[in-house]
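Student:
Protein chains: 4
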Amino acid sequence: MALSITIWNEGLHEKTSPAVAAHYPDGIHAVLAEALGSLEDVRIRTATLEDPDCGLPPEVLDDTDVLLWWGHMAHGRVPDETAARVDDAVLRGMGFLVLHSGHMAKPFVRLMGTSCTLTWRDDDRERLWTILPAHPIAQGIPEQFEIPMEEMYGEPFDIPEPDETVFLGWFAGGEVFRSGCVFRRGRGRVFYFQPGHETYPIYHHPHVRQILRNAVRYLAPTAPRRKEPLACPNAPAPEKRD
Amino acid sequence: MALSITIWNEGLHEKTSPAVAAHYPDGIHAVLAEALGSLEDVRIRTATLEDPDCGLPPEVLDDTDVLLWWGHMAHGRVPDETAARVDDAVLRGMGFLVLHSGHMAKPFVRLMGTSCTLTWRDDDRERLWTILPAHPIAQGIPEQFEIPMEEMYGEPFDIPEPDETVFLGWFAGGEVFRSGCVFRRGRGRVFYFQPGHETYPIYHHPHVRQILRNAVRYLAPTAPRRKEPLACPNAPAPEKRD
Amino acid sequence: MALSITIWNEGLHEKTSPAVAAHYPDGIHAVLAEALGSLEDVRIRTATLEDPDCGLPPEVLDDTDVLLWWGHMAHGRVPDETAARVDDAVLRGMGFLVLHSGHMAKPFVRLMGTSCTLTWRDDDRERLWTILPAHPIAQGIPEQFEIPMEEMYGEPFDIPEPDETVFLGWFAGGEVFRSGCVFRRGRGRVFYFQPGHETYPIYHHPHVRQILRNAVRYLAPTAPRRKEPLACPNAPAPEKRD
Amino acid sequence: MALSITIWNEGLHEKTSPAVAAHYPDGIHAVLAEALGSLEDVRIRTATLEDPDCGLPPEVLDDTDVLLWWGHMAHGRVPDETAARVDDAVLRGMGFLVLHSGHMAKPFVRLMGTSCTLTWRDDDRERLWTILPAHPIAQGIPEQFEIPMEEMYGEPFDIPEPDETVFLGWFAGGEVFRSGCVFRRGRGRVFYFQPGHETYPIYHHPHVRQILRNAVRYLAPTAPRRKEPLACPNAPAPEKRD
Chain G
429 MALSITIWNE GLHEKTSPAV AAHYPDGIHA VLAEALGSLE DVRIRTATLE DPDCGLPPEV
489 LDDTDVLLWW GHMAHGRVPD ETAARVDDAV LRGMGFLVLH SGHMAKPFVR LMGTSCTLTW
549 RDDDRERLWT ILPAHPIAQG IPEQFEIPME EMYGEPFDIP EPDETVFLGW FAGGEVFRSG
609 CVFRRGRGRV FYFQPGHETY PIYHHPHVRQ ILRNAVRYLA PTAPRRKEPL ACPNAPAPEK
669 RD
Chain F
429 MALSITIWNE GLHEKTSPAV AAHYPDGIHA VLAEALGSLE DVRIRTATLE DPDCGLPPEV
489 LDDTDVLLWW GHMAHGRVPD ETAARVDDAV LRGMGFLVLH SGHMAKPFVR LMGTSCTLTW
549 RDDDRERLWT ILPAHPIAQG IPEQFEIPME EMYGEPFDIP EPDETVFLGW FAGGEVFRSG
609 CVFRRGRGRV FYFQPGHETY PIYHHPHVRQ ILRNAVRYLA PTAPRRKEPL ACPNAPAPEK
669 RD
Chain Z
429 MALSITIWNE GLHEKTSPAV AAHYPDGIHA VLAEALGSLE DVRIRTATLE DPDCGLPPEV
489 LDDTDVLLWW GHMAHGRVPD ETAARVDDAV LRGMGFLVLH SGHMAKPFVR LMGTSCTLTW
549 RDDDRERLWT ILPAHPIAQG IPEQFEIPME EMYGEPFDIP EPDETVFLGW FAGGEVFRSG
609 CVFRRGRGRV FYFQPGHETY PIYHHPHVRQ ILRNAVRYLA PTAPRRKEPL ACPNAPAPEK
669 RD
Chain U
429 MALSITIWNE GLHEKTSPAV AAHYPDGIHA VLAEALGSLE DVRIRTATLE DPDCGLPPEV
489 LDDTDVLLWW GHMAHGRVPD ETAARVDDAV LRGMGFLVLH SGHMAKPFVR LMGTSCTLTW
549 RDDDRERLWT ILPAHPIAQG IPEQFEIPME EMYGEPFDIP EPDETVFLGW FAGGEVFRSG
609 CVFRRGRGRV FYFQPGHETY PIYHHPHVRQ ILRNAVRYLA PTAPRRKEPL ACPNAPAPEK
669 RD
């Protein structure tokens, strides 16, 4: 069955900033959809903040295998119930690919349980290093490559210890960052990927696009979505007892 | 300087259930305070749900090095702001020792980011195994010991991968459980400890009490409490750039 | 291309012990081969201690995607060079599925770097619990199932912290065990699976066989085998420097 | 009781290279001993390759709480039995602080179980970032600091997933590195620390010296050294059985 991908984009920057619209005239979601479009046997849907229910009503999440998330300037406008619904889907098995400034998005922060804070600076240059070269997300990616214009994100990044750290970022300004991290949460998996900024053409970069395609495949559920409630059942003893 | 310990107890069961009051006539917090009382150079304070601000106003949390948490029947009555304040203190460096049914307490669930669900059953017998015998929390504890009456908690326990799994529980009814787990969150550390139930004298057990004393020492901050806001500062480049 | 599986068996018990031969008349490797035979698109080869080069010359390892290992009474007879060659293949990307008493096999102990010791007892009953129900190795496996006759393996098991703990074992005699653990080592992955003993029909058990099939698929390389030497190259600077 | 520290140094470079002798006229071990000398209540011993038994006979290791290791050009001259004896002591509880080029030292490689390979280059500049600012090893260390002359060590570093990553290194030439990593192995802990090279005055740097002092305290055993053999005992069942 086709893999169902939903790309969520805040979708505000592109409408107000010519600098953003220059790289993403139809929105970041459109460029992400294009990047994923070469995957075989996928269905791709997009959703934005201003759609009803943020474009993420239960029936959409129930039908989503992997959700991508891009937001930056309006994290607070995502309703708590929407964030809770996304996280519930992750714990039931949905993959969740969180991009760049999504480190402060409600559903990500809630899944981490930490502040997810970091340091930042505009207009830097990044070199992305693959530290787990055999990881599925790194397939086809060179040992390192350069992203000529990037928003610097620097350590300390307040996250729990990742289950897998696939990429480390080096910045010309002097910083390092855990730029590609996998976290298992419930039955689902989360991949946080730092590169990407609305005023640079990062999501047009071929290696970045390959990483996104790899990540979608990696985050795809390997087990059926959990249907029963996330609850604490009283359980009969498997052993006969005195 | 003395280590400052705050013991939080919901404090409801003891007032309404003779079965609970039989073991904990002055409340579970009183027995926990007694268990920790033999530690050298500590100050111990208690707080309950019905105190103003749940007994946990900012000035108490600011002055707490390690917070113990016991709750069971009224998790929902803890205000969200109180849970957020506790978690903020953990991320800044406070130790957090979460007991038994506290697996569903708001501040713990929020720090984990998962559902923290499990299975349960009354009236079982547990054998607690030490799987990291050199861990500070296990000092003075035998390889295994029995808890004659216990509420069974069974896997799957929906938590992120623990940073350290110190104890595993075996139940006569046939279940296993990750009964003692450490999680680093921000600058603080969390220890979840499964044994303990309000209708059994578990917090009178000498090995359980030793584990609690060890855990308090282990969770004590090793660095000053973070004072600056949990925020994302714009950072000047340490490297001179072109 | 077909997945290439090599099943290594010490192959001694079956020749001398009628109790073992009763369950494994053609050797444990034959039963394991049968269990894996229903996988689609695989080539299965077997090798034993008494074959030349233990049946594992370089050309066999070079052509093996996943190696299964069963040994018990003659770990010391495996030459150090053979163990080193197996580990080199794992670090280059080969999957390695280590069964039961293989916890003391040279190539496993070398990959762990610890003593891999544990406690044991004959003639116990095990209940295997799935603690990561969405993990690929657990697909089709119930929440828990019983293995009526088993050799007990008990904690503490002296291994590094596993990257993933998929199964926990419960024993009627009172012990617990981390019975299914995944470790990433270099470009390869290792799965240690505790159930299985030569005097019991454990490898005829349908759930055990399903776990073996799942594990082989999970351990299959996701990247090309590393060809270049495992060495420390002098590297030119990617950045132009003063 | 005083903490017993043993500093092991290959001790060859200093005798033959004026460039090394300029920074370490009495050997790197002498400068390390000086750096640790301000710790309270410690006994410090040094040992070198050319001492009988490499200066590490059983009675020395039995009396060592934390062992520091510096070697570079003669890893192969350390006898396998000496490496095995060091590792046995670690598994029983000894702390092990491995410096710079010690990433290829026999006892370290054996404890990791991987190739421990990396890339390298002379004459670079490093900026060391603290990514776990509340970790005991990072106390008194700024968020980042510069090491003006350093041998670059670059990713991928072929090690198992560290239990704790305390520092990341940034190099002016463009590389990143996991420069400070903790691994639990048996009852002991290992800290690998990348900075340090024989032709630069790195072990005179005040922050580096503070990190070494912190690490020694962190690695100090928290439990008595294991005396019983590292073996697999047959164990009586704690539960009465049918």
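Protein chains in written order, with our numbering: chain G, 429 to 670; chain F, 429 to 670; chain Z, 429 to 670; chain U, 429 to 670. Even for Gly, the Cβ is constructed at its ideal location relative to N, Cα and C. Model, not experiment: these values are computed from the prediction.
I'd like to know whether the C-beta atoms of R654(Z) and R520(Z) end up nearer to each other than 7 Å.
Tutor: Here the question's residue 654(Z) lines up with position 226 in the third sequence. Here the question's residue 520(Z) lines up with position 92 in the third sequence. Their beta carbons are under 7 Å apart, which means R654(Z) touches R520(Z) by this criterion.
Student: Could you give the DSSP three-state label for V506(G): helix, strand or coil?
Tutor: Mapped onto the first sequence, residue 506(G) falls at position 78. Three-state DSSP puts V506(G) in coil, outside helix and strand.
Student: Determine whether the Cβ of P564(U) lies closer than 7 Å to any Cβ atom of chain F.
Tutor: Residue 564(U) sits at position 136 when you count from the first residue of the fourth sequence. Chain F, which has a Cβ nearer than 7 Å to the Cβ of P564(U), makes this yes.
Student: Give the DSSP bridge partners of M580(G), in chain order.
Tutor: Taking the first residue of the first sequence as position 1, residue 580(G) is located at position 152. Beta-bridge pairing links M580(G) to R549(G).
Student: What are the start and end residues of the alpha helix (DSSP H) that includes I639(G)?
Tutor: Indexing the first sequence from 1 puts residue 639(G) at position 211. From DSSP, the alpha helix (DSSP H) with I639(G) extends over 634-647.
Student: Of the residues that make up the region 634-666 of chain U, which ones have a beta carbon closer than 7 Å to any beta carbon in chain F?
Tutor: Going along the region 634-666 of chain U in chain order, one finds T650, A651, P666 with a Cβ nearer than 7 Å to chain F.
Student: Can you tell me which of R473(F), F536(F), I630(F) puts its alpha carbon nearest to the alpha carbon of E574(F)?
Tutor: Indexing the second sequence from 1 puts residue 574(F) at position 146. Nearest option by C-alpha distance: I630(F).
Student: Compute the Euclidean distance between the alpha carbons of G616(U) and F524(Z), then round it to the nearest angstrom.
Tutor: In the fourth sequence, residue 616(U) corresponds to position 188, counting from 1. In the third sequence, residue 524(Z) corresponds to position 96, counting from 1. So the two alpha carbons sit approximately 26 Å from each other.
Student: Between L596(U) and chain G, is the shortest Cβ-Cβ distance under 7 Å, so that the two count as touching?
Tutor: In the fourth sequence, residue 596(U) corresponds to position 168, counting from 1. L596(U) counts as touching chain G.
Student: Mark T428(Z) as exposed unless 16 or more other C-beta atoms lie within 10 angstroms of its C-beta, in which case mark it buried.
Tutor: Outside the shown range of chain Z, which is 429 to 670, sits residue 428(Z), and nothing can be said about it.
Student: Can you check DSSP and say which residues form a bridge with L525(U)?
Tutor: Here residue 525(U) corresponds to residue number 97 of the fourth sequence, with the count starting at 1. Paired residue(s): L496(U), F619(U).
Student: Output the residue ranges of the alpha helix (DSSP H) runs that lie fully inside the region 456-480 of chain Z and measure 4 residues or longer, sorted by chain position.
Tutor: List check, alpha helix (DSSP H) in window: 456-464.
Student: So what does DSSP say about I569(Z), is it helix, strand or coil?
Tutor: Counting from 1 along the third sequence, the entry for residue 569(Z) is found at position 141. Coil at I569(Z), not helix or strand.
Student: Counting C-beta neighbours from all protein chains within 10 Å, is the total for M632(G) 16 or more, i.e. buried, or is it exposed?
Tutor: Here residue 632(G) refers to the residue found at position 204 of the first sequence. Correcting the residue identity first, residue 632(G) is His in this sequence and not Met. H632(G) should be labelled exposed.
Student: Which residues, in order along the region 521-552 of chain U, keep a beta-carbon less than 8 Å from a beta-carbon of chain Z?
Tutor: If the cut-off is 8 Å between Cβ atoms, the region 521-552 of chain U has M532, R538, L539, M540, G541, T542, S543, T545, L546, T547, W548, R549, D552 near chain Z.
Student: Could you check whether the region 430-448 of chain F touches the region 473-481 of chain F, counting it as contact only if at least three pairs of C-beta atoms, one from each stretch, sit closer than 8 Å?
Tutor: Segments in contact, yes.
Student: Would you identify the three-state DSSP class for I630(F), choosing helix, strand or coil?
Tutor: Position 202 of the second sequence holds residue 630(F). Reduced to three states, the DSSP call for I630(F) is helix.
Student: Along the chain, where does the alpha helix (DSSP H) containing F536(F) start, and where does it finish?
Tutor: Position 108 of the second sequence, counting from 1, holds the residue named residue 536(F). Per DSSP, F536(F) belongs to the alpha helix (DSSP H) from 534-540.
Student: Name, going along the chain, the residues of the region 603-637 of chain U whose beta-carbon falls closer than 9 Å to a beta-carbon of chain Z.
Tutor: If the cut-off is 9 Å between Cβ atoms, the region 603-637 of chain U has E603, F611, R612, R613, G614, R615 near chain Z.
Student: Any chance the region 503-515 of chain U sits against the region 597-607 of chain U, with 3 or more Cβ pairs inside 8 Å?
Tutor: They do not touch, by the three-pair rule.
Student: Between E583(U) and F605(U), which are expected to be in contact by the criterion C-beta below 8 Å, what is the C-beta distance as a whole number of angstroms?
Tutor: Taking the first residue of the fourth sequence as 1, we reach residue 583(U) at position 155. Taking the first residue of the fourth sequence as 1, we reach residue 605(U) at position 177. Between F605(U) and E583(U) the Cβ distance is about 6 Å, and since that is below 8 Å, they are a contact.
Student: Hey, Y628(G) and P564(G): beta-carbon distance below 7 Å or not?
Tutor: Numbered from its first residue, the first sequence carries residue 628(G) at position 200. Numbered from its first residue, the first sequence carries residue 564(G) at position 136. No, Cβ-Cβ distance for Y628(G) and P564(G) is not below 7 Å.
Student: Residues of chain U with a CB under 7 Å from the CB of E589(Z): which are they?
Tutor: The sequence position of residue 589(Z) within the third sequence is 161, counting from 1. Near E589(Z) (Cβ distances below 7 Å), the residues of chain U are D591, R612.
Student: If you measure from the beta carbon of D586(Z) to each beta carbon in chain U, is any gap under 7 Å?
Tutor: The residue you call residue 586(Z) lines up with position 158 of the third sequence. Interface residue, yes.
Student: By Cβ distance, which residues of its chain are closer than 6 Å to S543(F), with the 5 residues on each side in sequence left out?
Tutor: Here residue 543(F) refers to the residue found at position 115 of the second sequence. Within the same chain, S543(F) has close Cβ partners D586.
Student: Throw me the rounded Cβ distance for the R613(G) and V518(G) pair, which I believe falls under 8 Å.
Tutor: As a working mapping, residue 613(G) is identified with position 185 in the first sequence. As a working mapping, residue 518(G) is identified with position 90 in the first sequence. That pair is a contact at about 6 Å.
Student: Is the distance from the Cβ of T547(G) to the Cβ of A651(F) below 7 Å?
Tutor: Locating residue 547(G) in the first sequence gives position 119, counting from the first residue. Locating residue 651(F) in the second sequence gives position 223, counting from the first residue. It is not a contact, given that the beta carbons lie outside the stated cut-off.
Student: Using the beta-carbon of each residue, which ones in chain F are nearer than 8 Å to A447(G)?
Tutor: Residue numbering aside, residue 447(G) sits at position 19 when the first sequence is read from its first letter. Neighbours of A447(G) on chain F: none; closest Cβ ~18 Å, over 8 Å.
Student: Between G499(G) and C660(F), what straight-line distance do the alpha-carbon atoms span, to the nearest angstrom?
Tutor: As a position in the first sequence, residue 499(G) is number 71, starting the count at 1. As a position in the second sequence, residue 660(F) is number 232, starting the count at 1. For G499(G) and C660(F), the distance between alpha carbons rounds to 16 Å.
Student: Using a Cβ cut-off of 7 Å (strictly closer), state whether G499(Z) contacts chain U.
Tutor: The residue labelled residue 499(Z) in the question sits at position 71 within the third sequence. Cβ-Cβ to chain U under 7 Å: no for G499(Z).
Student: Just checking my contact of N554(Z) with H625(Z) at CB under 8 Å: how many whole Å lie between their CB atoms?
Tutor: For the purposes of this step, residue 554(Z) is taken as the residue at position 126 of the third sequence. For the purposes of this step, residue 625(Z) is taken as the residue at position 197 of the third sequence. Reading off the sequence, residue 554(Z) comes out as Glu, not Asn. With 8 Å as the limit, E554(Z) and H625(Z) do not qualify as a contact, their Cβ atoms being about 10 Å apart.
Student: Can you confirm whether L484(G), when its beta carbon is compared against all beta carbons of chain F, has any partner nearer than 7 Å?
Tutor: To locate residue 484(G), count along the first sequence from 1; it is residue 56. Cβ-Cβ to chain F under 7 Å: no for L484(G).
Student: What are the partner residues of L660(F), as DSSP defines its beta bridges?
Tutor: The residue you call residue 660(F) lines up with position 232 of the second sequence. According to the sequence shown, residue 660(F) is Cys rather than Leu. Answer is none; C660(F) lacks a bridge partner.
Student: Counting only beta-carbon separations shorter than 7 Å, does I559(G) have a partner in chain U?
Tutor: Residue 559(G) sits at position 131 when you count from the first residue of the first sequence. Output row for I559(G): interface = yes.
Student: Let me make sure I understand the geometry here. Which of H451(F), D490(F), L527(F), P485(F) has the alpha-carbon closest to that of L496(F)?
Tutor: Position 68 of the second sequence, counted from the start, is the residue given in the question as residue 496(F). Comparing Cα-Cα distances from L496(F) to each of H451(F), D490(F), L527(F), P485(F), the minimum goes to L527(F).
Student: Go to A442(U), then tell me how far its alpha helix (DSSP H) extends in each direction, as first and last residue.
Tutor: Start at 1 with the first residue of the fourth sequence, and residue 442(U) comes out as number 14. Note on residue identity: the sequence assigns Glu, not Ala, to residue 442(U). Segment 441-444, the alpha helix (DSSP H) holding E442(U).
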